[in-house]
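Reading through the structure tokens given below for one structure.
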Amino acid sequence: MNSKVRLLSILFFLPLIVAANGGRKINRAEYIAMYKNDAINDMKKMGVPASITMAQALLESSDGNSNLARLANNHFGIKCSDWKGPSYIQDDDTKDECFRKYNSVLESYDDHSNFLRTRPRYAFLFELDIKDYKGWAKGLKKAGYATDPTYADRLIKIIEDNELYLLDNDTGGPAYASNTTVPVIEEKPNNNFTRISVPAVEVVEAFESRQVKQNNGVNYIIAREGDTFEKLAHEFELGHWQLPKYNEMESDQMLAAGQRIYLQPKKSTGTKALVVVKDGDTIHSIAQSMGIKVKYLCRYNDLEETQALKPGQKIYLKKRS
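Residue 9 is where the sequence shown starts when you use the numbering used here, and the numbers rise one by one after that.
What follows is the structure, encoded as structure tokens:
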């Protein structure tokens with residue numbers, strides 16, 4: 009993550025946090041202040057609501073104070089499964105269970121989003137609105153993320169008690185500045201923390217002032233002259249395959265200035281029932297303008313992806329009853 013963006017994640021003047029052994033516990037407000045921007049950043053990259061990421065981290069890590077969080081940087085309780093990296097053993101549902109161990113807290117956040125994105129049993133969650141934290145909480149429980157029967161209710165309570173749903177409204181990255189020195193928590197590989205002072209930072213926005221907007225609950229940006237999928241993937245810290253896949257385009261396809269480029273998978277339905285075809289419209293252009301995947305438009309309208317459209321034709325954005 010860009011060092012400037014990391015600095016912006018500290019919103020408050022945090023008290024001294026000393027080494028984990030013998031030091032006081034981090035409170036909930038401090039934890040949110042330290043890691044909220046990581047949750048927002050992962051939302052923009054992978055499509056997991058920041059409120060859900062933060063609530064899970066708070067619950068699973070006991071606000072960053074659990075042994076698993078302090079000694080293994082694992083803030084989400086993710087077990088080894090097919091993990092090839094270092095591990096940490098502790099009792100959980102059964103004795104001596106294997107948990108993933110990370111070099112940093114940020115690594116844990118990134119792996120959490122990737123874990124949800126790449127497991128088929130969680131795929132249905134990404135069809136939900138990014139702001140539907142209740143649907144996500146219930147879906148995580150349904151998909152078996154945790155065995156606790158009250159898991160969804162606990163996540164929802166944490167989100168509402170701490171107004172974490174406000175994080176899901178962040179589409180452009182907050183900018184903060186001060187004329188004073190800002191105390192910053194420096195992250196160490198062993199998760200010990202020290203307090204350092206740094207000069208006040210300039211007002212900047214995440215992703216080099218690129219404005220991130222939403223359409224149909226999906227984050228997107230407007231391409232500029234000279235943009236390519238490769239350049240945008242680097243700028244937004246995405247895999248080279250993600251943007252072409254999300255936009256249903258070829259990886260070497262040229263981008264035009266003013267073109268809408270989605271940073272997340274599009275939805276399965278639109279916000280309205282239908283649109284009327286205009287001259288020059290295609291299935292793909294309508295899918296892009298409405299934030300819907302091409303396959304669903306074809307399904308709702310009994311069309312082939314390459315089929316020509318006629319001006320005045322109705323294209324349904326939802327399943328017809």
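Built from N, CA and C at the ideal position, the CB exists for glycine as well.
All values derive from a computational prediction rather than experimental measurement.
Put residue i into one of helix, strand or coil per three-state DSSP.
i    : result
M286 : One detail in the question is off: residue 286 reads as Lys in this sequence, not Met. Of the three classes helix, strand and coil, the one that applies to K286 here is coil, per DSSP.
N75  : helix
Q250 : helix
C306 : helix
I323 : strand
K146 : helix
Q98  : strand
Q222 : strand
R328 : coil
R232 : coil
N111 : coil
N170 : coil
R125 : helix
Y153 : coil
E256 : coil
I269 : strand
I300 : strand
E313 : coil
N227 : strand
On a CA-only basis, which of the options is nearest residue i? Give me that one, please.
i    : options                : result
C106 : E115, G152, L76, D119  : L76
K274 : V283, K303, D260       : K303
R160 : T236, P128, K142       : Correcting the residue type first, residue 160 is Ala in the shown sequence and not Arg. Selected option, being the one with the closest Cα: K142.
R127 : N111, D260, G225, S89  : S89
C306 : K92, E233, Y110, H292  : H292
K239 : N227, G299, S259, R162 : S259
R328 : L114, N49, A231, A281  : A281
E168 : A154, I34, I48, D140   : D140
T155 : K165, T102, K109       : T102
A264 : R232, L67, K221        : R232
D235 : L251, K221, N227       : L251
S69  : V283, I34, M51         : I34
Look at the Cβ atom of residue i, then the Cβ atom of residue j, and state whether they are nearer than 8 Å.
i    : j    : result
K326 : T277 : yes
I269 : I323 : no
M62  : L172 : yes
S116 : N81  : yes
L246 : A58  : no
L79  : Y96  : yes
G93  : H83  : no
G225 : I138 : yes
N122 : M54  : yes
Q321 : V285 : yes
G299 : N223 : yes
A295 : E256 : yes
Given that a residue counts as buried once 16 or more other Cβ atoms are within 10 Å of its Cβ, and exposed if not, what is residue i?
i    : result
Q272 : buried
M262 : exposed
F215 : Note that F215 scores a pLDDT of 40, beneath 50, so its modelled location is shaky; the value from the coordinates is reported in the next line. Looking at its Cβ environment, which holds 16 or more other Cβ atoms inside 10 Å, F215 is buried.
I5   : No answer is possible for residue 5: it lies beyond the span of the chain, which begins at 9 and ends at 329.
I40  : buried
K44  : buried
K318 : exposed
Q64  : buried
Q219 : exposed
G147 : buried
N177 : exposed
A131 : exposed
W144 : buried
R108 : buried
H120 : buried
Should residue i be listed as close to the ligand MN, given that the test is whether its C-beta is under 7 Å from any heavy atom?
i   : result
R36 : Among the components of this structure there are no ligands whatsoever, and the ligand MN is therefore not found.
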